[in-house]
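All remarks here apply to the structure that follows.
Numbering (this note's numbering), first residue to last: 19 to 120.
Structural data, given as structure tokens:
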């Protein structure tokens, strides 16, 4: 069984046992969280599509809270002497999907 969830402005296809990196979620390492909204359920039989969401739950456990690798942002305007170099490290939460309850 799989589910399509929305988190952090993106959509993810999740299955039980899968490890996933999401946008930062509140909570400590080892805590249990509920992800949602669930947009679609599929797997056995006919898929269920929500309008706009289903009354289902995706339970997950937080494995890690961290920062991703640095992304460099370099801006330049030719012949003007304008150069700006900036870096950005995005916060993330790694979770393991425990169960999908329809």
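Built from N, CA and C at the ideal position, the CB exists for glycine as well.
Contacts around residue 105, its chain only, beta-carbon distance under 8 Å, and the 5 residues preceding and following it disregarded: Residue numbering aside, residue 105 sits at position 87 when the chain shown is read from its first letter. Result list for residue 105: 88, 89, 90, 91, in chain order.
Check whether residue 51 and residue 72 have beta carbons under 7 Å apart: In the chain shown, the residue the question calls residue 51 occupies position 33. In the chain shown, the residue the question calls residue 72 occupies position 54. No, these two residues do not count as a Cβ contact at 7 Å.
Among 35, 120, 28, nearest to residue 42 - alpha-carbon criterion: Taking the first residue of the chain shown as position 1, residue 42 is located at position 24. Checking every option, the nearest Cα to that of residue 42 belongs to 28.
Residue from 26, 60, 103 whose Cα sits closest to the Cα of residue 93: What you label residue 93 is simply residue 75 of the chain shown in a count that begins at 1. Checked all of 26, 60, 103; the closest Cα to residue 93 is 103.
Cβ-Cβ distance between residue 112 and residue 77 below 7 Å: For this step, residue 112 is matched to residue 94 along the chain shown. For this step, residue 77 is matched to residue 59 along the chain shown. No; because the gap between Cβ atoms is not below 7 Å, this pair is not in contact.
Segments of 3+ residues assigned as beta strand (DSSP E) that fall wholly inside the segment 30–115: 37–41, 50–53, 56–60, 66–72, 75–85, 89–95, 100–106
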